[in-house]
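Below is one structure, written out as structure tokens, with a few remarks after it.
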Amino acid sequence: MAYYGGWILLVVLSIWAALIAFVWAVRSGQFSQQGRARFLPLIDAMPGQASSQEPLPPSRGGYVLVFILGLGAAGMLCAVILSLYHL
Amino acid sequence: MELLREEPHGTTKAFYLSSAVWMVFGTLAGFTGAVQLIAPELLGNIPWIVFGRIRPIHTNAVIFGFVGSALIGSAHYLVPTLVRTPLYSERLGKITVWLWNLAVVLGTLTLSLGFSQNREYAEWIWPVDVIVMASLGLGFYNLLQTVKRREEEILYVSVWYIFGAFVFTAFIYFFGNAMWNPFTGSITGIPDGILAWFYGHGVVGLFLTPFAVAIAYYIIPITCRAPLYSHSLSLLGFWSLLMIYTHIGTHHILQAPTPTWLKVIAITGSIAMLVPVAAVLINLWLTMRGRIPYILGDTGGKFVLAGTVWYLLTCIQGPLQALPVVQRITHFNNWVVAHAHMGVLGFSGIIALGGIYFILPRITGRPLHSKFLADMQYWLVLLGMSGFFTVLTAAGLIQGHGWLNGETVYRMLPEIHPYMVLRLSVGILIVSGAFIGLYNIYMSLYGFKTGRKAS
Ligand code: HEM
Ligand code: HEM
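These protein sequence lines are chains A and B, in that order.
Everything in the first sequence is counted per the working numbering, starting at 347 for the first residue and increasing by one.
Everything in the second sequence is counted per the working numbering, starting at 2 for the first residue and increasing by one.
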């Protein structure tokens, strides 16, 4: 039981930290101007970086990623089948 | 003092170099552990690298040393850039870097001497914990002061994730390491198991994940030259991560006599994790819709894209393996080791590398030393990771299936031996990738001084 005190402290502290951040965010207008916020990283584009008007470069690397997704799906399917088999 | 010399982006540069060094060291330690799982006697029982010591040396070096350094280094670039204000203090930043490295060095040395708190990812002893906390505190203070002086009023979602990561990590690190008990770093009984896994999952979910997501949210829009699909959705993802990830740690100990209500929270929370994960991935993928070739054409962007693919897999696998019926097959065996490498290397590690390669040219003002070597590292790590996934998942399923059929643990060992040999072989790819990365990152940072021309 002795540990309850510490845990309650942890829960209370975390909730307070989150609430303070949230209230600050609402008050300082962090949830307004969401449309403009979408563009914030783009200001860091390197000088000389090609613009979005340029044609897309050809690339096959994406197929490898799709293959990895397939591999992962197969692994998970095996686990589900085995767990159902042992039900 | 030379070590604390102030230079533009000095903090990020130092964190990146540290990360590259720890990647080499950490993967070599993993490799040593893998050798022992094949031939336990080969290394002759040298005390400071026996499996029980080299394993936590490996996990802590890669989590905090390799991935952690790269992520925190990128945070020291992203926050100032996104709030359009220089970093408050490069000197403080350098102190943060040195403390962080001191912690990893001391943690490694003390582990190899046999001093351990014996709880996963919380093995480092109390004095090391104090240094970690000090470093986190300084990093937080430095970035907070930067944000206070900001030119840009609106905080982009990456800034939220970065601050979230600092605060969450400090919380879970202090409580999870039971720092008020310096001699044991733990409490007692089942509550300690619960606390340990509240921390253990926090390390991956509240330290690595938010930093890595912050980097992805930053790099993807730039590389695909399009604004983020929805900033509101991204904020929803952030707040839901905060609400859900914080209390699912017990899914690691569903097989232990923890209270049922806690297990229910952990399992339902694990499934609810699909919300913050989907918020991130749908947002990023809608941002890059039709523009993936641009991302694949950028060295850093390519790493980040691959990281999001592993993130998807890890986070579909996670809720699935939190279901008790599935966990009967997957728990306590190599399946979880596969999941761990997918999350820590495939997702956060690969995104951490993406951050380095994307940001390095921006802070040095020169192209990477070699784009070719970076591409080579990409393929080596990606192939190695896919190999790890396949081999360890297969080995785990064989173990789980065998055990449920009533086989004893030792009788299953010969069955998985070939897989352990394969894991070692595949590991060579990742270790080689780490060496190439160290060379390339070092040369990108300092190569020009030695007269070599950047490619
Ligand atoms: C930078 C890349 C790597 C990262 C981020 C990483 C991360 C991890 C993590 C998080 C664990 C803990 C797994 C768990 O408790 O479930 C682990 C365990 C392990 N890793 Fe790695 N690892 C990396 C590379 C490697 C390499 C190259 C090898 C060697 C071939 C390796 C071999 C091992 C071994 C042998 C274990 C212990 C597994 C066991 O106890 O059965 N790792 N690694
Ligand atoms: C939706 C999100 C996720 C869920 C629901 C989830 C769930 C789980 C569960 C249930 C386990 C315990 C498996 C067992 O022992 O039987 C586990 C282990 C683990 N997870 Fe995840 N996971 C998620 C995402 C991640 C991510 C993003 C990472 C890495 C950044 C990660 C890293 C790990 C590691 C390192 C372990 C091994 C811990 C050990 O040593 O036992 N997970 N996860």
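For each residue, glycine too, the CB sits at the ideal point set by N, CA and C.
Predicted, not measured: the structure shown is a model, and the values here were computed from it.
TODO: For V310 (chain B), return the contacting residues in chain A, with the cut-off set at a CB-CB distance below 7 Å.
DONE: Start at 1 with the first residue of the second sequence, and residue 310 (chain B) comes out as number 309. Chain A residues near V310 (chain B): L411, I414 and L415.
Task: Exposure of S456 (chain B), with buried meaning 16 or more beta-carbon neighbours within 10 Å - done: Here residue 456 (chain B) refers to the residue found at position 455 when the second sequence is read from its first residue. Any answer about S456 (chain B) is weak, because its pLDDT of 41 lies below 50 and its placement is not dependable; what the coordinates show is given next. Per the 10 Å Cβ criterion, exposed.
- [ ] For I39 (chain B), count neighbouring C-beta atoms within 10 Å of its own C-beta (all shown protein chains included) and say buried if the count is 16 or more, exposed if not.
- [x] For the purposes of this step, residue 39 (chain B) is taken as the residue at position 38 of the second sequence. When all chains shown are included, I39 (chain B) counts as exposed.
Task: Backbone secondary structure at M377 (chain B) - three-state DSSP - done: Numbered from 1 along the second sequence, position 376 holds the residue referred to as residue 377 (chain B). Note: M377 (chain B) maps to helix in three-state DSSP.
TODO: Would you be able to state if there are at least three C-beta pairs under 8 Å between the region 398-407 of chain B and the region 334-342 of chain B?
DONE: yes
Task: C-alpha gap between V36 (chain B) and R367 (chain B), whole angstroms - done: Position 35 of the second sequence holds residue 36 (chain B). Position 366 of the second sequence holds residue 367 (chain B). C-alpha separation (whole angstroms): 40 Å.
Task: Whole-angstrom distance between A364 (chain A) and W1 (chain B), CA atom to CA atom - done: This structure does not reach residue 1 (chain B), given that chain B is present from 2 up to 456, and the question cannot be answered.
Open item on the list: Checking 8 Å against the spacing of the C-beta atoms, do L93 (chain B) and L139 (chain B) come in under that value?
Closed with: Numbered from 1 along the second sequence, position 92 holds the residue referred to as residue 93 (chain B). Numbered from 1 along the second sequence, position 138 holds the residue referred to as residue 139 (chain B). Cβ distance < 8 Å, so L93 (chain B) and L139 (chain B) count as in contact.
TODO: Whole angstroms is fine: what's the gap from L100 (chain B)'s alpha carbon to G403 (chain B)'s?
DONE: Against the second sequence, residue 100 (chain B) aligns to sequence position 99. Against the second sequence, residue 403 (chain B) aligns to sequence position 402. In a straight line, the C-alpha of L100 (chain B) is about 46 Å away from that of G403 (chain B).
- [ ] For G351 (chain A), decide whether its Cβ has a neighbour in chain B, counting only Cβ atoms nearer than 8 Å.
- [x] The residue you call residue 351 (chain A) lines up with position 5 of the first sequence. It does not; no Cβ of chain B falls within 8 Å.
Task: C-alpha distance - G421 (chain A) paired with M386 (chain B), whole-angstrom precision - done: One-based indexing of the first sequence puts residue 421 (chain A) at position 75. One-based indexing of the second sequence puts residue 386 (chain B) at position 385. Cα to Cα, the separation comes out at about 14 Å.
Task: Closer than 8 Å at the beta carbon, the chain A residues around Y157 (chain B) - done: Start at 1 with the first residue of the second sequence, and residue 157 (chain B) comes out as number 156. By Cβ distance, chain A contributes A383, L386 and P387.
- [ ] Take the Cβ of T261 (chain B) as the centre, count every other Cβ of all protein chains shown within 10 Å, and call the residue buried at 16 or more, exposed below.
- [x] Taking the second sequence and counting its residues from 1, the one referred to as residue 261 (chain B) is at position 260. Its Cβ having fewer than 16 others within 10 Å, T261 (chain B) is exposed.
Task: Inter-residue Cα distance where the pair is A353 (chain B) and I216 (chain B) - done: As a working mapping, residue 353 (chain B) is identified with position 352 in the second sequence. As a working mapping, residue 216 (chain B) is identified with position 215 in the second sequence. Using only the alpha carbons, I get a separation of about 8 Å.
TODO: For the region 127-159 of chain B, enumerate the residues whose C-beta is nearer than 9 Å to any C-beta of chain A, in chain order.
DONE: E153, E154, I155, L156, Y157, V158 and S159
- [ ] Run the CB neighbour count on Q256 (chain B), radius 10 Å, all protein chains shown included, and call it buried at 16 or more, exposed below.
- [x] The count along the second sequence starts at 1 and reaches residue 256 (chain B) at position 255. Exposed, by the Cβ-count rule.
Open item on the list: Just verifying my parser: in three-state terms, what is the DSSP assignment at E7 (chain B)?
Closed with: The residue you call residue 7 (chain B) lines up with position 6 of the second sequence. If DSSP states are grouped into helix, strand and coil, E7 (chain B) belongs with coil.
- [ ] Taking P81 (chain B) as the reference, give the member of B:I155, B:T109 and B:M343 with the closest Cα.
- [x] One-based indexing of the second sequence puts residue 81 (chain B) at position 80. Minimum Cα distance to P81 (chain B) is reached at B:I155.
TODO: Could you tell me whether the Cβ atoms of I317 (chain B) and V276 (chain B) are closer together than 8 Å?
DONE: As a first step, residue 317 (chain B) must be located in the second sequence, where it is residue number 316. As a first step, residue 276 (chain B) must be located in the second sequence, where it is residue number 275. It is not a contact, given that the beta carbons lie outside the stated cut-off.
- [ ] Starting from the beta carbon of V358 (chain A), find every residue of chain B whose beta carbon is closer than 9 Å, and list them in chain order.
- [x] To locate residue 358 (chain A), count along the first sequence from 1; it is residue 12. Neighbours of V358 (chain A) on chain B: none; closest Cβ ~12 Å, over 9 Å.
- [ ] Indicate, with yes or no, if ligand 1 has a heavy atom lying under 7 Å from the CB of I431 (chain B).
- [x] The count along the second sequence starts at 1 and reaches residue 431 (chain B) at position 430. True, at least one ligand heavy atom lies under 7 Å from that Cβ.
- [ ] Please classify L196 (chain B): is it buried, with 16 or more other beta-carbons within 10 angstroms of its beta-carbon, or exposed?
- [x] Counting from one through the second sequence, the residue named residue 196 (chain B) turns up at place 195. Buried: at least 16 other Cβ atoms inside 10 Å.
Task: I73 (chain B) to L282 (chain B) span [Cα, whole Å] - done: Here the question's residue 73 (chain B) lines up with position 72 in the second sequence. Here the question's residue 282 (chain B) lines up with position 281 in the second sequence. Rounded to whole angstroms, I73 (chain B) to L282 (chain B) spans 22 Å at the Cα level.
Open item on the list: What does the alpha-carbon distance come out to for the pair E124 (chain B) and S426 (chain B)?
Closed with: Position 123 of the second sequence, counting from 1, holds the residue named residue 124 (chain B). Position 425 of the second sequence, counting from 1, holds the residue named residue 426 (chain B). Looking at the two C-alpha atoms, the distance is approximately 28 Å.
Task: From B:M444, B:F169, B:T60 and B:H340, residue whose alpha carbon lies closest to that of W362 (chain A) - done: Numbered from its first residue, the first sequence carries residue 362 (chain A) at position 16. Nearest option by C-alpha distance: B:F169.
Open item on the list: Which runs of the beta strand (DSSP E) at least 3 residues long sit entirely within the region 352-383 of chain A? Give them in chain order.
Closed with: none
- [ ] Using a cut-off of 8 Å between C-beta atoms, extract the partners of V426 (chain A) located in chain B.
- [x] Here the question's residue 426 (chain A) lines up with position 80 in the first sequence. Result: L321 and V327.
- [ ] Could you confirm whether any beta carbon from chain A is found closer than 8 Å to the beta carbon of S387 (chain B)?
- [x] Here residue 387 (chain B) refers to the residue found at position 386 of the second sequence. At least one chain A Cβ lies under 8 Å of S387 (chain B).
Task: Beta-carbon neighbours of T394 (chain B), restricted to chain A and to distances below 7 Å - done: Numbered from 1 along the second sequence, position 393 holds the residue referred to as residue 394 (chain B). Going along chain A in sequence order, the residues near T394 (chain B) (Cβ under 7 Å) are G421.
Open item on the list: I'd like to confirm something about I351 (chain B): is its beta-carbon nearer than 7 Å to some heavy atom of ligand 3, or not?
Closed with: Although ligand 3 was asked about, the structure shown includes only ligand 1 and ligand 2 as ligands.
TODO: Write down the C-beta distance between M134 (chain B) and I221 (chain B) rounded to the nearest angstrom, noting that I regard them as a contact closer than 8 Å.
DONE: Here residue 134 (chain B) refers to the residue found at position 133 of the second sequence. Here residue 221 (chain B) refers to the residue found at position 220 of the second sequence. Incorrect: roughly 32 Å between the Cβ atoms, too far for contact.
Task: Distance CB(S70 (chain B))-CB(S20 (chain B)) smaller than 8 Å - done: Your numbering for residue 70 (chain B) matches position 69 in the second sequence. Your numbering for residue 20 (chain B) matches position 19 in the second sequence. Taking 8 Å as the Cβ cut-off, S70 (chain B) and S20 (chain B) qualify as a contacting pair.
- [ ] Put H432 (chain A) into one of helix, strand or coil per three-state DSSP.
- [x] Position 86 of the first sequence, counted from the first residue, corresponds to residue 432 (chain A). Three-state DSSP puts H432 (chain A) in coil, outside helix and strand.
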